[in-house]
Amino acid sequence: MLQIPKCLTNFLLGIITLVIIVSCSSSNQKELTTSPSDSQSQFKVASIVSGSIQDGSWSQASYEGLKLIEKEYNAKINYTENVSETDSEALIRRYAEQGYDLIIGHSGGYIQAMENVAQDFPETKFALVTTYPGNNKNLGAVAFRSGEVGYLTGVLAAMKTKTNKVGYMVGDDYPVYREEEALFRRGATATKPQIEVYTKFLKTWTNAEKGKKVVEDWLGKGVDIFAINADEAGTPGLKLASEKPGVYGIGWTKDQSNLVPGKILTSVLQNIPELVLKIATLVQQGRWEGKQYKYGLREQIYGFAPFRGTLTAEEEAKFNQVKEQVVTGKIDITPSELTTDYNK
Numbered sequence: 000m001l002q003i004p005k006c007l008t009n010f011l012l013g014i015i016t017l018v019i020i021v022s023c024s025s026s027n028q029k030e031l032t033t034s035p036s037d038s039q040s041q042f043k044v045a046s047i048v049s050g051s052i053q054d055g056s057w058s059q060a061s062y063e064g065l066k067l068i069e070k071e072y073n074a075k076i077n078y079t080e081n082v083s084e085t086d087s088e089a090l091i092r093r094y095a096e097q098g099y100d101l102i103i104g105h106s107g108g109y110i111q112a113m114e115n116v117a118q119d120f121p122e123t124k125f126a127l128v129t130t131y132p133g134n135n136k137n138l139g140a141v142a143f144r145s146g147e148v149g150y151l152t153g154v155l156a157a158m159k160t161k162t163n164k165v166g167y168m169v170g171d172d173y174p175v176y177r178e179e180e181a182l183f184r185r186g187a188t189a190t191k192p193q194i195e196v197y198t199k200f201l202k203t204w205t206n207a208e209k210g211k212k213v214v215e216d217w218l219g220k221g222v223d224i225f226a227i228n229a230d231e232a233g234t235p236g237l238k239l240a241s242e243k244p245g246v247y248g249i250g251w252t253k254d255q256s257n258l259v260p261g262k263i264l265t266s267v268l269q270n271i272p273e274l275v276l277k278i279a280t281l282v283q284q285g286r287w288e289g290k291q292y293k294y295g296l297r298e299q300i301y302g303f304a305p306f307r308g309t310l311t312a313e314e315e316a317k318f319n320q321v322k323e324q325v326v327t328g329k330i331d332i333t334p335s336e337l338t339t340d341y342n343k
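Residues in the sequence shown are numbered consecutively from 0, following numbering that gives the first Met the number 0.
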C-alpha cells in the first residue's frame, strides 16, 4: 500500500479545507448580494377616503390618484373607502403596522388620527390632503391654494349678480374650506363693496336634502348666484337654484355645466389625481419634509371650465385679468381672516 507522506497529507487536507471555506464564503456572498434586492420591497402606499371611490367626486378622484401612483412608481397600493373620523386611527395604524411606506388620509377630518399614529411610526411617511402645517418630520399635507379660486369665484359672482346677493356653500369647515370661504367674501366685496354675501358650512358631503334647504332659504332672500362646493350634498341644490329664472350657479370639482345648460357660469376644476401623485413624487425623491405643500392655478392643479357664453366678452376679459393678477401675486390672497385651529 502506497504510503503518503504526512506533510503531503496535511497539505492536501489544507487545500480541501480552503476549497470548502471559499465555497461557503462564495455562497454566503451571493446571498448577501441578492438579499438587498429582495429586501428592497416594492413601494407600498395605502389611502383612506371618507366616501365611495365611485362617488364621481372627491373620493373617486383620490382613488384615481392612487392608481397614478401605482402606474408611475410600480407601487403596491391599498385603500379603504367610507372611513369615518372615528374609525380612521385604527385603520391608519393597521396600515403602518403592515409596513406601508406612505399612508394618505384624504380628508381634513383625519388630522388628529394621523398625528397620533405618525409619532409612533417615525420611519413611515404620512400625508393629508388638506390645509395643515405638518409636524416637520414625517407627517405633512398637500392642498390646493383654495384662496385663489375662492377669491375668483367671489369676483365672478359679484360681476354677475343682479340682486347684489350671492351665496357660497361648502361641505365642511376644514381649514382649506374656511380659507376658500373667506376669500370668496373678499373677492365679492372687492368687486362690489355693498354686496350681501351668504355662506354656509353644511357639515355633510352626502345629505342632499340639507343642501337643498339652504338653497331654498337663500332663494327666498333673493340670492341669484350660487357657488356650491359640496359634492353629493350640493349638486341637487345647484341644479335647483340654476333652474330658477335669473339665477346662476358655479360648480365645483368637475365641469357641472350639464346640470342646467346655459345656467352654470363655470365650474372650479380640481386635478385631485395629480395632487395625490405629487405626494408620492416628493416621497420617492426624498423631499417629503413633513410640511404643507400647496398647488394651484400656476401648476394647473386648479382651473376653470369654459364659460360657454355665460359671460359677455367684457366680463370674461375682466375675469381673466383678475385671474392673472391672482396668479402673479399682484392681488394678495393671504387668508388673514382665519384661525389656526387645524383640528376644528
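C-beta: ideal position from N, C-alpha, C; glycine also. In this text, all values refer to a predicted model and were calculated from it rather than measured experimentally.
Start and end residues, alpha helix (DSSP H) containing Asn-163: For this step, residue 163 is matched to residue 164 along the sequence shown. For Asn-163, there is no enclosing alpha helix (DSSP H), as DSSP marks it with neither H nor E.
Beta-carbon proximity of Phe-306 to Glu-313, cut-off 8 Å: Looking up residue 306 in the sequence shown gives position 307. Looking up residue 313 in the sequence shown gives position 314. Cβ distance not < 8 Å, so Phe-306 and Glu-313 don't count as in contact.
The region 259–275 touching the region 136–153, judged by at least three CB pairs closer than 8 Å: Yes, the region 259–275 is in contact with the region 136–153.
Sub-8 Å separation of Tyr-173 and Gly-107 beta-carbons: Taking the first residue of the sequence shown as position 1, residue 173 is located at position 174. Taking the first residue of the sequence shown as position 1, residue 107 is located at position 108. Yes, they are a contact pair.
Cut-off 8 Å between Cβ atoms - residues of its own chain near Asn-73, not counting five sequence neighbours on either side: Indexing the sequence shown from 1 puts residue 73 at position 74. Gln-41 and Phe-42, listed in sequence order.
Exposure label - Lys-238; buried when at least 16 CB within 10 Å: As a working note, residue 238 is residue 239 in the sequence shown. Lys-238 is buried by the Cβ-count criterion.
Nearest candidate by alpha-carbon position, reference Leu-138, set Ile-52, Trp-287 and Leu-65: As a working mapping, residue 138 is identified with position 139 in the sequence shown. It is Trp-287 whose Cα lies nearest to the Cα of Leu-138.
Member of Ala-156, Ile-263 and Ser-46 whose CA lies at the smallest distance from the CA of Glu-242: Looking up residue 242 in the sequence shown gives position 243. Answer by Cα proximity: Ile-263.
Cut-off 7 Å between Cβ atoms - residues of its own chain near Ala-95, not counting five sequence neighbours on either side: The sequence position of residue 95 within the sequence shown is 96, counting from 1. Here the set comprises Ile-102, Val-116, Phe-120 and Thr-123.
Same chain, Cβ closer than 6 Å to Ser-145, neighbours up to 5 away in sequence not counted: Looking up residue 145 in the sequence shown gives position 146. Cβ within range, chain order: Val-175, Glu-178 and Glu-179.
Residue range of the unbroken alpha helix (DSSP H) whose run includes Leu-218: Position 219 of the sequence shown holds residue 218. According to the DSSP assignment, Leu-218 belongs to the alpha helix (DSSP H) that extends over 207–220.
Lys-238 in three-state terms, based on DSSP: Here residue 238 corresponds to residue number 239 of the sequence shown, with the count starting at 1. Note: Lys-238 maps to helix in three-state DSSP.
Contact check, Val-222 vs Gly-186, beta carbons under 8 Å: The count along the sequence shown starts at 1 and reaches residue 222 at position 223. The count along the sequence shown starts at 1 and reaches residue 186 at position 187. Against a cut-off of 8 Å, the Cβ pair of Gly-186 and Val-222 comes out as no contact.
One or two residues paired with Ala-316 in a DSSP bridge: Within the sequence shown, numbered from 1, the residue matching residue 316 stands at position 317. None, per the DSSP bridge assignment.
Reduced DSSP secondary structure (H/G/I, E/B, other) of Leu-127: Here residue 127 is taken as the residue at index 128 of the sequence shown, counted from 1. Collapsing the DSSP output to three states places Leu-127 in a strand.
Buried or exposed by the 16-neighbour rule on C-beta atoms within 10 Å, applied to Ala-89: In the sequence shown, counting from the first residue as 1, residue 89 sits at position 90. Residue environment for Ala-89: exposed (fewer than 16 other C-beta atoms within 10 angstroms of its C-beta).
When Asp-331, Thr-327, Gln-193 and Tyr-301 are compared against Pro-272, the one with the closest alpha-carbon: Counting from 1 along the sequence shown, the entry for residue 272 is found at position 273. Checked all of Asp-331, Thr-327, Gln-193 and Tyr-301; the closest Cα to Pro-272 is Tyr-301.
Beta-carbon gap between Gly-64 and Ser-58 smaller than 8 Å: By 1-based counting over the sequence shown, the position of residue 64 is 65. By 1-based counting over the sequence shown, the position of residue 58 is 59. No, the Cβ-Cβ distance between Gly-64 and Ser-58 is not below 8 Å.
Candidates Leu-258, Gly-98, Glu-298 and Glu-84: closest to Thr-327 by CA position: As a position in the sequence shown, residue 327 is number 328, starting the count at 1. Checking every option, the nearest Cα to that of Thr-327 belongs to Glu-298.
Residues that Leu-301 bridges to, as DSSP identifies them: Numbered from its first residue, the sequence shown carries residue 301 at position 302. Before going further, note that residue 301 is Tyr rather than Leu in the sequence given. Answer is Gln-269.
Asn-77, DSSP secondary structure in three states: What you label residue 77 is simply residue 78 of the sequence shown in a count that begins at 1. Note: Asn-77 maps to strand in three-state DSSP.
Contacting residues, own chain, Cβ-Cβ under 8 Å from Thr-190 (five flanking each side not counted): Position 191 of the sequence shown, counted from the first residue, corresponds to residue 190. Excluding positions up to five away in sequence, the list reads Gly-153, Val-154, Ala-157 and Met-158.
Buried versus exposed, by CB contacts within 10 Å (16 or more), Ser-22: Locating residue 22 in the sequence shown gives position 23, where the first residue counts as 1. Residue confidence for Ser-22 is low, a pLDDT of 43 falling below 50, so the modelled location carries little weight; the figure read from the coordinates is stated next. A residue is called buried when at least 16 other Cβ atoms come within 10 angstroms of its Cβ; Ser-22 does not meet this threshold and is exposed.
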